[in-house]
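Protein sequence lines correspond, in order, to chains S and L. Under full-length UniProt numbering, residues 1 to 334 are what the first sequence spells out, in order. Under full-length UniProt numbering, residues 1 to 334 are what the second sequence spells out, in order. For each residue, glycine too, the CB sits at the ideal point set by N, CA and C.
Protein chains: 2
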Amino acid sequence: MEKQTVTIYDVAREAGVSMATVSRVVNGNQNVKPATRQRVNDVINKLDYRPNAVARGLASKKSTTIGVIIPDVTNAYFASLARGIDDVASMYKYNIIMENSDENDQKEMLVLNTLLAKQVDGIIFMGNRVTDKLREEFSHSRTPIVFAGSVDDQQSVPSVSIDYVKSTVEAVGKLIKEGSKKVAFISGSLSEPINGKYRLAGYKQALQQAGLKFDEKLIFETDYSYEAGIKLASQLKGTEISAAFVGDDRLAAGVLNGLTDQGVKVPEDFALITSNDTQVAQLVRPQLTSITQPLYDIGAVSMRLLTKLMNKEEIEEPIITLPYGLDSRETTQK
Amino acid sequence: MEKQTVTIYDVAREAGVSMATVSRVVNGNQNVKPATRQRVNDVINKLDYRPNAVARGLASKKSTTIGVIIPDVTNAYFASLARGIDDVASMYKYNIIMENSDENDQKEMLVLNTLLAKQVDGIIFMGNRVTDKLREEFSHSRTPIVFAGSVDDQQSVPSVSIDYVKSTVEAVGKLIKEGSKKVAFISGSLSEPINGKYRLAGYKQALQQAGLKFDEKLIFETDYSYEAGIKLASQLKGTEISAAFVGDDRLAAGVLNGLTDQGVKVPEDFALITSNDTQVAQLVRPQLTSITQPLYDIGAVSMRLLTKLMNKEEIEEPIITLPYGLDSRETTQK
DNA sequence: ATTTTTCATGAAAGCGTTTTCGATACTTGC
DNA sequence: GCAAGTATCGAAAACGCTTTCATGAAAAAT
């Protein structure tokens with residue numbers, strides 16, 4: 001016995017009303033006589049009627065679904081944002097279609113298009129850079145979008161993040177103040193604005209404030225992985241470098257563990273500050289001093305912003321900067 | 001100028017064919033003369049036509065979307081599974097609606113229902129227990145479902161996981177063989193079959209094989225968190241217990257760090273084996289010896305199984321058990 | 001040359017809702 | 001009691017696509 005799906009029409013017939021009325025009670029429209037509402041609700045329960053969201057979406061042109069483009073769910077940083085996004089999304093009755101992009105240009109285009117095809121009401125984009133093609137696609141579509149945990153360097157898209165320049169100035173400044181003359185700057189690709197533009201600027205600014213000269217050789221561009229950190233650690237050993245600012249926690253954990261495994265004492269011989277305050281930073285020993293970010297909130301606020309955009313509400317400020325902190329743990333003097 | 005969406009009808013008119021023909025070329029149906037196909041494709045490009053997936057879904061009764069119920073994306077274990085799921089899902093052109101359940105019964109029911117309302121073609125469920133209500137809901141619906149990383153203890157639902165009993169026997173066996181007479185069993189709620197039924201059974205079996213007596217006092221039931229581990233560590237210190245099997249990596253990391261911080265030497269004074277082989281296990285120092293699970297594959301295989309179910313293909317074996325391993329790292333003798 | 005098959009296409013009926021617009025039935029005010 | 005307003009409801013037209021069925025044309029078989 002194939003379960004025949006019960007439609008709004010069945011309910012209407014059974015309750016002796018029109019589809020319009022059923023639709024009204026389902027959607028909480030007030031123009032229904034209480035008695036009728038009751039009758040319809042009874043039938044709904046009796047028949048176990050569940051509105052078909054797809055049909056609803058077609059008729060209303062709203063899918064109550066938003067698309068989330070995430071580099072990799074497996075990355076704790078992005079996963080935390082995602083959690084914030086999801087929580088406020090469900091608060092507002094939206095569902096989330098999540099797509100891993102691997103920060104691959106082609107894949108990003110692809111998922112963006114399928115998201116648009118699915119008629120998502122809005123999109124949250126996570127990633128460290130935006131290609132021109134992608135930006136163009138964004139502006140073409142009528143679908144609102146917000147960047148979470150990153151800024152469009154043209155500042156043309158609503159976004160929420162922390163102040164990467166200032167936080168880096170502070171972190172590097174601390175390293176210098178605690179006695180390091182040679183502070184390495186370790187990050188992912190410098191072609192990503194967050195690194196090449198903001199963090200690097202902060203690094204230089206901190207140097208300048210301390211009257212130190214910028215040295216190209218202290219800049220290490222690598223990828224965001226634990227392994228890359230381990231490898232970097234061997235390069236670092238035996239140099240004059242005695243501290244490092246690192247743009248990613250897993251990378252930092254690699255550097256730390258690599259250093260420690262080689263007998264370098266952290267923080268005595270080498271100080272370290274990382275950037276994302278992911279749980280990783282607290283799991284390793286010694287615990288990583290880190291810039292702290294309201295990860296969950298970045299996601300949550302992004303989603304909240306998106307709901308406003310979708311409602312065409314007036315937005316006071318589309319580029320939101322959330323407060324950050326600097327938590328001194330065990331890889332700096334204190 | 002509000003961008004007027006271009007529909008299949010516009011393409012049809014412009015190309016001088018019927019909607020049916022356009023639909024055919026869009027869907028790769030072979031019954032179209034190459035010349036016509038070409039003409040239609042040209043118009044599609046010219047007009048930048050993108051099929052509306054919602055309308056498509058309504059007409060075809062397929063959403064090409066699957067629902068994923070995950071306890072918490074922020075948990076590395078589940079995130080890894082999710083990644084596997086997503087990769088093969090997109091391989092098969094499915095999109096994923098992801099819902100965090102927090103393993104909360106009520107929330108699970110809720111998300112299941114919205115998933116069903118959205119007409120997902122299939123569901124992947126992650127979680128450690130299934131309430132009867134949920135099970136009933138599953139069986140009511142015609143939507144195929146598979147459990148990833150857990151088993152329905154009634155074995156009535158397709159699932160993919162590892163053999164929790166055998167892997168635990170092996171892990172606990174190793175601990176005993178290496179000299180521990182008192183091995184603690186530390187896990188999350190015993191009401192979850194994975195703990196109370198399978199792992200515990202494995203634990204007892206290992207004891208029995210070694211001729212050891214089961215001792216209620218060695219069973220520690222807590223929650224899966226780093227903090228819980230830290231707390232547990234103080235309880236453990238000073239007892240005769242000299243080893244522990246732990247059901248979760250973050251929990252294990254907590255125990256390890258807690259022990260170490262109190263001056264207990266691991267593995268010399270206390271040996272530890274954890275269960276999920278999440279990256280956490282390798283980040284901590286000493287690195288946690290762990291049962292290894294093919295996390296990504298569990299997700300991937302689950303999704304593959306689901307595609308078969310959705311295609312109504314013949315399934316040889318709906319309860320899939322993937323191979324596990326035991327990686328001796330630094331929290332056991334070797 | 002005629003009959004069959006096969007191919008290519010179009011007309012139109014859904015798919016299950018929402019929503020507009022008008023109609024009817026009640027209230028209310030006077 | 002009657003006009004005017006208001007609350008309640010229904011008919012039916014979308015929404016943008018897929019899919020069945022019929023049809024005519026072209027190809028193959030006789």
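Looking at the backbone, the Cα of residue 85/L and that of residue 308/S are separated by about 32 Å. Counting other Cβ atoms within 10 Å of its Cβ, residue 302/S reaches 16 or more and is therefore classed as buried. At the C-beta level, residue 182/S and residue 241/S come within 8 Å of one another.
Neighbours of residue 57/L in chain S, taken as residues at a C-beta separation under 7 Å, are given in chain order as 54.
Contact annotation for residue 98/L against chain S: 68, 73, 82, 86, 95, 96, 97 and 98 [CB-CB distance below 9 Å, chain order].
For residue 327/L, DSSP records a beta bridge to 290/L. Interface annotation, residue 144/S: not in contact with chain L, CB-CB separation never under 8 Å. If you ignore the 5 residues before and after residue 199/L, its C-beta comes within less than 7 Å of the C-beta of 164, 168, 187 and 247, all in its own chain and listed in chain order.
Of the residues 82/L, 81/L, 72/L and 92/L, the one whose Cα lies closest to the Cα of residue 63/L is 92/L. Here residue 179/L is exposed: its Cβ has fewer than 16 other Cβ atoms, across all protein chains shown, within 10 Å. In the three-state reduction of the DSSP assignment, residue 98/L falls in the strand class. Residue 314/S sits in coil when the DSSP states are folded into three classes, being neither helix nor strand.
Proximity of chain L to residue 51/S at the Cβ level (cut-off 9 Å) is accounted for by 117, in chain order. Counting the other Cβ atoms within 10 Å of the Cβ of residue 48/S gives fewer than 16, which makes it exposed. Secondary structure at residue 210/S: coil, using DSSP grouped into helix, strand and coil. For residue 220/L, the enclosing beta strand (DSSP E) has its first and last residue at 219-221. Listed along the chain, the chain L residues whose CB falls inside 7 Å of the CB of residue 114/S are 95. Within chain S, no residue has its beta carbon less than 9 Å from that of residue 259/L; the closest one is some 12 Å off.
In terms of Cβ geometry, residue 277/S and residue 292/S form a close pair [threshold 8 Å].
At a cut-off of 8 Å, the C-beta of residue 199/L has no neighbouring C-beta in chain S. Spanning the alpha carbons of residue 233/S and residue 152/S requires a straight line of approximately 32 Å. Within the stretch 85-141 of chain L, the complete beta strand (DSSP E) segments at least 3 residues long are 95-100 and 122-125, listed from N- to C-terminus.
Two segments are said to touch when three or more pairs of C-beta atoms, one from each, lie closer than 8 Å; by this definition the stretch 305-325 of chain S does not touch the stretch 5-16 of chain L. Residue 76/S has a beta carbon lying within less than 8 Å of a beta carbon in chain L.
At a beta-carbon threshold of 7 Å, the residues of chain S lying near residue 63/L are 54, ordered along the chain. Within 9 Å of the CB of residue 285/S, the CB atoms of chain L belong to 257, 260, 261, 284 and 285, in sequence order along the chain.
The continuous beta strand (DSSP E) containing residue 161/S extends over residues 159-162. Only those residues of the stretch 204-229 of chain L whose C-beta falls short of 8 Å from the nearest C-beta of chain S are listed: 226. When C-alpha distances from residue 99/S are compared across 90/L, 107/L and 286/L, the shortest belongs to 90/L. Looking at 129/L, 128/L, 212/L and 142/L, the one whose alpha-carbon comes closest to that of residue 115/L is 142/L. Residue-level contact by beta carbon fails for residue 300/S and chain L, as no gap is shorter than 8 Å. Ranked by Cα distance from residue 190/S, the first of 296/S, 215/S and 220/S is 220/S. Spatial neighbours of residue 119/S in its own chain (CB-CB distance under 7 Å, excluding positions within 5 residues in sequence) are listed in chain order as 57 and 63. By the beta-carbon neighbour count (other beta carbons within 10 angstroms, threshold 16), residue 27/L is exposed. A straight line joining the alpha-carbon of residue 131/S with that of residue 105/S spans about 7 Å. Going by DSSP, residue 146/S is part of the beta strand (DSSP E) stretching over 145-148.
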